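Student:
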Amino acid sequence: MTLRLERLDCRVGGISILEGIAGLEAQPGEVTALIGPNGAGKSTLLKAVAGLQRANGSLMLHGQELASLSLEQRARHLYYLPQEFGSRAVLSVFEAVLLARRTRIHEPHERALRKVQATLKALELEPLAERDLSQLSGGQRQRVAIAQAVTREPPLLLLDEPTSALDLHHQLQVLDWLTLLAAERHIIVVIAIHDLGLAARFSRRIWMLKAGRVAASGAPGDVLTHARLRDVYAIEAHIEWPDDEPPRITPLTAIHSLGR
Amino acid sequence: MTSAMPEPLVTDSISRYRIRRRRQRRLILGVALLTLAMVIIDIATGPSQYPLRDVFMTLVAPSEAPEAMRIIVWNIRLPVALMAIVVGVSLALAGAEMQTILNNPLADPFTLGISSAASVGAALAITLGVGIVPFADTLLVTGNAFLLALAASLFIWGVSRLRGVNVQTLVLMGIAIMFFFNAMLGLMQYVASAEALQQLVFWSLGSLSKASWSKVGLATLALCVTLPVFIHAGWRLTALRLGDLHAQAMGIDVGRLRLRILLCCSLLAATAVAFVGTIGFVGLVGPHIARLLVGEDQRVFLPMSALSGALIMSVTSILSKTLVPGILLPIGLLTALIGLPFFVSLILRSRKEMWG
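Chains as they are written, first to last, in the working numbering: chain D, 1 to 260; chain B, 261 to 616.
1. Would you list, in chain order, the members of the segment 522-556 of chain B that have their beta-carbon closer than 7 angstroms to a beta-carbon of chain D?
2. Kindly say whether Val-90/D, judged by its beta-carbon, lies nearer than 8 angstroms to any beta-carbon of chain B.
3. DSSP three-state call for Asp-176/D: helix, strand or coil?
4. Give me whichever residues DSSP pairs with Lys-210/D in a beta bridge.
5. What does Ser-273/B touch in chain D if you count any residue whose Cβ is under 7 angstroms from its own?
6. Just confirm the distance between the C-beta atoms of Ala-507/B and Leu-500/B, as a whole number of angstroms; I'd bet it's less than 8 angstroms.
7. DSSP state of Met-438/B, grouped into three classes?
8. Could you say which of Asp-160/D, Arg-104/D and Ala-216/D lies nearest to Gln-83/D if we only look at CA atoms?
9. In chain order, which continuous runs of the alpha helix (DSSP H) of length 4 or greater are located wholly inside the segment 29-57 of chain D?
10. Hey, which unbroken runs of the alpha helix (DSSP H) at 4 residues or more fall wholly within the segment 351-412 of chain B?
11. Could you tell me if Lys-115/D is buried or exposed, where buried requires 16 or more neighbouring beta carbons within 10 angstroms of its beta carbon?
12. Output yes or no for whether 8 angstroms exceeds the beta carbon distance between Phe-535/B and Met-343/B.
13. If you reduce the DSSP assignment to three classes, tell me which class Gly-418/B lands in.
14. Examine chain D for any beta-carbon lying closer than 8 angstroms to the beta-carbon of Leu-505/B, and answer yes or no.
15. Tell me whether Leu-166/D sits in a helix, a strand or coil according to DSSP, three-state version.
16. Taking a cut of 8 angstroms between CB atoms, which residues from the segment 316-341 of chain B lie near chain D?
17. Going by beta carbon distance, what residues of the same chain come within less than 7 angstroms of Pro-394/B, once the five residues before and after it are set aside?
18. Mark Lys-210/D as exposed unless 16 or more other C-beta atoms lie within 10 angstroms of its C-beta, in which case mark it buried.
19. CA-CA distance, Ala-456/B and Met-444/B?
20. Within the same chain, show all residues whose beta-carbon is closer than 8 angstroms to that of Leu-69/D, passing over the 5 residues directly before and after it, in chain order.
21. Looking only at C-alpha atoms, which of Leu-338/B, Arg-421/B, Lys-475/B and Asp-272/B sits nearest to Gly-221/B?
22. In terms of residues, what are the limits of the alpha helix (DSSP H) holding Val-315/B?
23. Run through DSSP, which three-state label would Thr-253/D get?
24. From Ala-75/D to Glu-357/B, what does the alpha carbon distance come to, in whole angstroms?
25. Using beta carbons (cut-off 8 angstroms, strictly below), is Met-564/B in contact with chain D?
26. With 16 as the cutoff for other CB atoms within 10 Å, does Tyr-450/B come out buried or exposed?
27. Looking at the strands, I want to know which residues DSSP matches up with Ser-92/D.
28. Taking 7 angstroms as the limit between beta carbons, can you name the residues of its chain near Ile-361/B, skipping five residues before and five after?
29. Alpha carbon to alpha carbon, how far is Leu-608/B from Phe-370/B? Give it in angstroms, no decimals.
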């Protein structure tokens with residue numbers, strides 16, 4: 001019961017964005033981090049899995065080929081949270097999260113309300129429940145978007161930089177919660193993220209992209225090495241290996257231009 | 261002496277959501293009652309003014325009312341008052357859904373030139389002068405209006421899909437369409453017979469005076485066809501306000517939804533124009549009032565937009581009969597005078613807030 005990507009190619013406007021993506025696997029119950037510099041193809045990869053970007057190749061989820069499914073069918077198996085979360089619709093936080101649930105799950109209204117409430121509580125959003133989206137800060141809106149994603153209870157959750165606008169407290173809180181959620185619900189969570197420290201800390205597996213190709217994949221300790229950080233990110237970093245803990249990464253200096 | 265107890269603080273989000281929903285429902289009920297009151301005032305207003313109580317009694321128990329009053333109320337004024345309501349609802353619904361699907365606060369059948377296109381369609385039918393079978397002329401006018409309204413809508417839809425087209429460009433495109441169809445209308449007026457010219461002027465100014473039960477019935481039919489589509493797509497339309505990518509991620513076929521809704525909006529705009537002519541800005545103002553009062557959850561936004569449109573039309577109908585004693589002003593002129601300042605303020609505000 002895994003997500004497996006093989007021979008994935010994607011071109012946008014004649015430019016190759018993803019080329020020969022293969023051997024990427026994500027397991028239920030754990031968080032997989034998708035990392036790589038700007039323009040490496042992280043968002044395109046997630047969109048391709050979600051069916052929002054045309055791509056060639058094999059996208060297998062629990063043994064089923066995702067490409068054979070319509071957008072509506074795919075949305076029953078997965079949810080893609082886009083990077084952009086700037087909607088200023090005149091909807092309350094509660095209405096917006098309820099909307100996300102009602103477009104996915106048919107159930108008694110009372111149950112939907114309780115589920116939405118539980119999601120808001122978990123993301124510390126309950127005090128803001130009646131606030132309109134237009135009255136929220138960027139970070140608060142991003143947490144609402146995460147609440148919308150999670151309340152749909154998809155077996156596969158694809159999150160595109162879900163913590164980019166969050167303060168440190170909420171970055172840790174959200175990632176902690178997503179890790180717990182992946183384990184409790186036995187779902188696959190794939191998170192595109194820039195912070196290598198957070199990626200190492202919260203994921204059991206890392207997919208590293210460079211210029212539309214897979215640079216490495218595997219356990220954080222195997223992927224995040226000095227040589228790879230130099231090659232993929234063009235940085236020198238200090239990497240610590242505490243016992244029984246994920247690696248701690250401190251970027252030190254940029255060594256040359258990445259060229260993208 | 262006892263001090264007033266402070267209201268208990270409701271911290272539970274479900275309870276607060278329920279309070280919000282009750283408030284929204286109360287507002288909808290309030291606007292509905294206000295609209296109903298305006299309908300009665302509208303019926304009472306005219307060359308011979310009737311007491312409201314008598315109008316109410318004539319509506320409730322027509323057989324007990326004096327014959328002259330019964331005929332005037334039931335055969336002349338009630339169709340006009342109801343036509344104002346049906347047209348107000350149609351235009352406001354069309355405006356609300358066009359604003360939603362085009363993600364554009366300035367969209368409505370009038371500002372995007374769709375009403376003008378429908379007017380030209382109607383004018384074509386009039387100048388062709390076909391009307392042998394009862395209702396066939398009405399259907400021809402409506403059919404023509406619908407086809408041209410649809411063509412204009414599809415053009416707008418196509419433009420909205422182009423890269424780099426923003427809210428302002430789309431409105432400018434609408435104005436261009438309006439100019440084009442107004443020029444066409446002018447051309448037809450130039451070549452039309454005296455009798456046809458009179459009808460064309462009626463179409464370009466907008467008037468409720470030609471309302472009849474059969475027209476009210478047909479316009480209501482258009483509402484009955486489109487309303488279930490809007491209600492069925494309610495959640496998906498609300499999701500569209502979160503942005504295309506979010507809606508698609510929720511499994512919504514955004515392109516197909518837009519096209520289906522645009523088709524319905526065209527039908528509503530076309531029937532409204534075919535029966536009462538070009539009436540501007542109701543489709544713009546109604547949804548904005550609704551948005552302000554109850555927000556954009558379609559479960560409440562849709563009925564509130566419809567009622568706001570009906571209320572505006574009903575009040576304007578009363579004003580058209582009372583502003584200049586003895587003269588019935590074209591209702592389209594009045595809605596334009598009321599709506600234009602609102603439109604300008606929206607243009608100035610549209611860069612900020614709400615439609616980020």
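Glycine included, C-beta positions come from ideal geometry on N, C-alpha and C.
Bear in mind that the values here come from a model prediction, so they are computed numbers and not experimental data.
Tutor: Let's see:
1. Arg-551, Gly-555 and Glu-556
2. Indexing the first sequence from 1 puts residue 90/D at position 90. Yes, contact with chain B.
3. Counted from its first residue, the first sequence places residue 176/D at position 176. Note: Asp-176/D maps to helix in three-state DSSP.
4. The count along the first sequence starts at 1 and reaches residue 210/D at position 210. Beta-bridge pairing links Lys-210/D to Arg-213/D.
5. As a first step, residue 273/B is located in the second sequence; it is residue number 13 there, counting from the start. In chain order: Phe-94, Gln-117, Leu-120, Glu-126 and Ala-129.
6. For the purposes of this step, residue 507/B is taken as the residue at position 247 of the second sequence. For the purposes of this step, residue 500/B is taken as the residue at position 240 of the second sequence. Between Leu-500/B and Ala-507/B the Cβ distance is about 5 angstroms, and since that is below 8 angstroms, they are a contact.
7. The sequence position of residue 438/B within the second sequence is 178, counting from 1. It is helical.
8. On the first sequence, position 83 is the one that residue 83/D refers to. The candidate whose alpha carbon is nearest that of Gln-83/D is Asp-160/D.
9. 42-50
10. 374-388
11. Indexing the first sequence from 1 puts residue 115/D at position 115. The residue in question, Lys-115/D, is buried, as its Cβ has 16 or more Cβ neighbours within 10 Å.
12. The residue labelled residue 535/B in the question sits at position 275 within the second sequence. The residue labelled residue 343/B in the question sits at position 83 within the second sequence. Yes, these two residues count as a Cβ contact at 8 angstroms.
13. Residue numbering aside, residue 418/B sits at position 158 when the second sequence is read from its first letter. Of the three classes helix, strand and coil, the one that applies to Gly-418/B here is helix, per DSSP.
14. As a first step, residue 505/B is located in the second sequence; it is residue number 245 there, counting from the start. It does; some Cβ of chain D falls within 8 angstroms.
15. The count along the first sequence starts at 1 and reaches residue 166/D at position 166. The answer is coil: DSSP assigns Leu-166/D none of H, G, I, E or B.
16. none
17. Reading the second sequence from its first residue, position 134 is the one you call residue 394/B. For Pro-394/B, the predicted model reports a pLDDT of 45, less than 50, meaning its position is unreliable; a value from the coordinates is still stated below. Closer than 7 angstroms at Cβ, skipping near neighbours: no residue.
18. Position 210 of the first sequence holds residue 210/D. With 16 or more other Cβ atoms within 10 Å, it is buried.
19. Here residue 456/B refers to the residue found at position 196 of the second sequence. Here residue 444/B refers to the residue found at position 184 of the second sequence. The straight-line gap from Cα to Cα measures roughly 15 angstroms.
20. For this step, residue 69/D is matched to residue 69 along the first sequence. Within the same chain, Leu-69/D has close Cβ partners Gly-51 and His-77.
21. Since the first residue shown for chain B is 261 and the last is 616, residue 221/B is missing from the structure and cannot be characterised.
22. Locating residue 315/B in the second sequence gives position 55, where the first residue counts as 1. From DSSP, the alpha helix (DSSP H) with Val-315/B extends over 312-320.
23. The residue labelled residue 253/D in the question sits at position 253 within the first sequence. Of the three classes helix, strand and coil, the one that applies to Thr-253/D here is strand, per DSSP.
24. Residue mapping note: residue 75/D aligns to position 75 of the first sequence, counting from 1. Residue mapping note: residue 357/B aligns to position 97 of the second sequence, counting from 1. Cα to Cα, the separation comes out at about 24 angstroms.
25. For the purposes of this step, residue 564/B is taken as residue 304 along the second sequence, with counting starting at 1. Closer than 8 angstroms: no.
26. As a first step, residue 450/B must be located in the second sequence, where it is residue number 190. Label assigned to Tyr-450/B: exposed.
27. Position 92 of the first sequence, counted from the start, is the residue given in the question as residue 92/D. Answer by DSSP bridge pairing, in chain order: Asp-132/D.
28. Within the second sequence, numbered from 1, the residue matching residue 361/B stands at position 101. If we look at Ile-361/B and ignore the five residues flanking it on each side, its Cβ neighbours are Leu-500, Arg-518, Ile-521 and Leu-522.
29. If you number the second sequence from 1, residue 370/B lands on position 110. If you number the second sequence from 1, residue 608/B lands on position 348. Each residue's alpha carbon lies about 19 angstroms from the other.
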